[in-house]
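**Student:**
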Amino acid sequence: MSDLAERVVDDLRAFSSDLLEVGLSSGVTRRPAIRGEGSSASLLRAIEALTVLVPSLLVELETSEAPTRYVESITHVPTGAALSRRPGDYRLADNDQIRPWRWVRTIPLPEPDPRALRWLLHLLDRQRTRLGETLERTEKRVAEALTARRGRSVWAQSDAFTLRQMLERLKEARSRLHRAIKFVQQSAGSRPIPTPTLPRPFPRSQAWVTLRRMSPRLEDPSAFLPEHVLGLLGSDVVTADLPYLYQRWCGVKIIQALHELGWVVHADPVGAVFLGGLITFHHRGHTIDLWVEPRLDRRSRHPSGFKCVRGEDVTPDYLFITPGAGGPDAFVLDATLVTAPEDLVAKGRYLDLIELKNFVRIAGCPIRRRPRLAWAAAPVFADHGKALRGDGAIGTVPMNPIDWNDRPLFDWLVEVTRHALAWSLVDSAS
7 MSDLAERVVD
17 DLRAFSSDLL
27 EVGLSSGVTR
37 RPAIRGEGSS
47 ASLLRAIEAL
57 TVLVPSLLVE
67 LETSEAPTRY
77 VESITHVPTG
87 AALSRRPGDY
97 RLADNDQIRP
107 WRWVRTIPLP
117 EPDPRALRWL
127 LHLLDRQRTR
137 LGETLERTEK
147 RVAEALTARR
157 GRSVWAQSDA
167 FTLRQMLERL
177 KEARSRLHRA
187 IKFVQQSAGS
197 RPIPTPTLPR
207 PFPRSQAWVT
217 LRRMSPRLED
227 PSAFLPEHVL
237 GLLGSDVVTA
247 DLPYLYQRWC
257 GVKIIQALHE
267 LGWVVHADPV
277 GAVFLGGLIT
287 FHHRGHTIDL
297 WVEPRLDRRS
307 RHPSGFKCVR
317 GEDVTPDYLF
327 ITPGAGGPDA
337 FVLDATLVTA
347 PEDLVAKGRY
357 LDLIELKNFV
367 RIAGCPIRRR
377 PRLAWAAAPV
387 FADHGKALRG
397 DGAIGTVPMN
407 PIDWNDRPLF
417 DWLVEVTRHA
427 LAWSLVDSAS
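Here the numbering used here runs 6 ahead of the position in the sequence shown, where the first position is 1.
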């Protein structure tokens, strides 16, 4: 895999392992590998592996060679039996000798070891807790993404379907976990208290040996994150997904750069970078809204206040909304791995494709407001940004993970923040 992809994956992993998941834009269909504590894919795979194993675990406990309970059975056949301790099981023989008449055979009870069941319930309960947290977090992220991506086009409907499927998969896993826990409790004949203590002796059957090998990942998936990231780096899937991973990487760098400039985020920005949505930055009472992959169409009113001029819809990667003269202003930064000059210039199309829904007045005349800047973010080797048009409305911000230099991004963001602060002060003074 390329050095660029490796650096992108490392930086995303450091920010949040969720950003290594399959998102909406990927054209690759696959089952993701386990990738860490915050990864819904790892959780779903863990739950699937554990719940599929539960029936075999219970069957093997019932047929265990080392049962924990026994019952005594009276028999008239001494084979495989022992002498009884009850006087009534002996008779006086013809020669006046007392001889056994009945023997006692010890029979193991076919019931699960409660110690093993308590540990199994602990592992199931651990996944249930993680799933509850993940489901709550995902519900919020999906709701925000649906708001950002809503529309009537085929692409909008496809995004909405995919987002809802994410929730459905988590809810199906919740039902699967509930059934497995109930199954274990019924096998125990009671409600055993879960315990993290390994049962001693540990069952030696195949399913239980498999569970013991799985248990470290079920207990602490984050401890195995480096191993799985190495697997991710060695796969062809990363190459297929690299444009989308690079786009998220650019989002992470934007968040970090604005933080260095004094703009803070009060809510978790990971969901918006991952699925699309709104990130609001605050600085001394002033705000900048950053819409990640907003779907702007011609008919629906997007919360950003902007719309698509022609075609079904348009989805810039990063749309900054700031105060402006008589209304909001927009700045577009669109990520691309392509570095050909004509492709970088093509990002300027957002100047003609996006406009404010409401008219603003200049010199008393109603006009439609277009974005002030529409620049590309690309992995070019340069120490500074490059304007590709005389007025500076189109250009390129060098964002190369291999030779990372934050100065060009800082310079571009300073233009946005200065504009936001200037017009915020004007608005507050008027």
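Glycine is no exception: its CB is placed at the ideal position from the N, C-alpha and C atoms. For clarity, every value in this text was computed on a predicted model and none was experimentally measured.
1. Once the 5 residues before and after Ile261 are set aside, which same chain residues still bring their CB inside 6 Å of it?
2. So does the region 271-289 actually touch the region 132-141, counting three or more Cβ pairs closer than 8 Å?
3. Taking Gly257 and Val320 to be in contact with their CB atoms under 8 Å, please state how far apart those CB atoms are, rounded to whole angstroms.
4. Which whole runs of the beta strand (DSSP E) in the region 347-409 are 3 residues long or more, in chain order?
5. Take the Cβ of Ser48 as the centre, count every other Cβ of all protein chains shown within 10 Å, and call the residue buried at 16 or more, exposed below.
6. Judging by CA-CA distance, which residue of Pro249, Gly317, Asp349 and Val271 is the nearest neighbour of Gly157?
7. What's the call for His292, buried or exposed, on a 16-neighbour Cβ count within 10 Å?
8. What's the call for Phe167, buried or exposed, on a 16-neighbour Cβ count within 10 Å?
9. Could you check what DSSP says for Asp335 in three-state terms: helix, strand or coil?
10. Provide the residue(s) that pair with Tyr252 in DSSP beta bridges, ordered along the chain.
11. Compare the C-alpha of Ser193 against each of Thr342, Glu68 and Arg206 and name the closest.
12. Could you check the C-alpha separation between Leu152 and Ser164 for me, to the nearest Å?
13. Between the alpha carbons of Asp9 and Ile199, how many angstroms are there, rounded?
14. As a quick exercise: from Tyr252, His289, Gly277 and Arg424, pick the residue whose alpha carbon is nearest that of Val270.
15. Identify the continuous beta strand (DSSP E) that holds Arg105 and give its terminal residues.
16. Using DSSP's beta-bridge definition, name the partner residues of Arg206.
17. Identify every run of the alpha helix (DSSP H) within the region 257-296, keeping only runs that are complete inside it and at least 4 residues long; order them along the chain.
18. Tell whether a beta-carbon distance below 8 Å holds between Tyr250 and Leu343.
19. Report yes if the CB atom of Val190 is closer than 8 Å to the CB atom of Val60, and no otherwise.
20. Rounded to a whole number of angstroms, what is the C-alpha to C-alpha distance between Val110 and Arg97?
21. Looking only at DSSP bridge pairs, what is Pro329 linked to?
22. Can you list, in chain order, the residues of its chain with a C-beta nearer than 6 Å to that of Arg141? Leave out the 5 residues immediately preceding and following it.
23. Got a sec? Which residues, its chain only, sit under 8 Å from Asp358 by beta carbon, not counting five neighbours each side?
24. Ignore the nearest five residues each way along the sequence and tell me which others in Asp409's own chain have a CB closer than 7 Å to its CB.
25. Rounded to whole angstroms, what is the Cα-Cα separation between Met220 and Leu126?
26. Buried or exposed: Gly354, going by 16 or more other Cβ atoms within 10 Å of its Cβ?
**Tutor:** In short, the structure shows the following:
1. Correct list, in chain order: Pro275.
2. no
3. In fact, because the Cβ distance is near 18 Å, the residues do not count as touching under 8 Å.
4. 360-362, 366-368, 371-373, 379-384 and 400-404
5. buried
6. Gly317
7. buried
8. exposed
9. It is a strand residue.
10. Per DSSP, none; premise fails for Tyr252.
11. Glu68
12. CA-CA distance, Leu152 to Ser164, rounds to 11 Å.
13. 50 Å
14. His289
15. Ile104 to Pro106
16. Answer is none; Arg206 lacks a bridge partner.
17. 276-281, all fully within the region 257-296.
18. no
19. Yes, the Cβ-Cβ distance between Val190 and Val60 is below 8 Å.
20. Arg97 has its alpha-carbon roughly 15 Å from the corresponding atom of Val110.
21. DSSP output for Pro329 lists Pro334 as bridge partner(s).
22. The question names Arg, yet the displayed sequence has Leu at residue 141. Cβ within range, chain order: Leu176.
23. Val315 and Arg376
24. Phe387
25. 12 Å
26. Buried.
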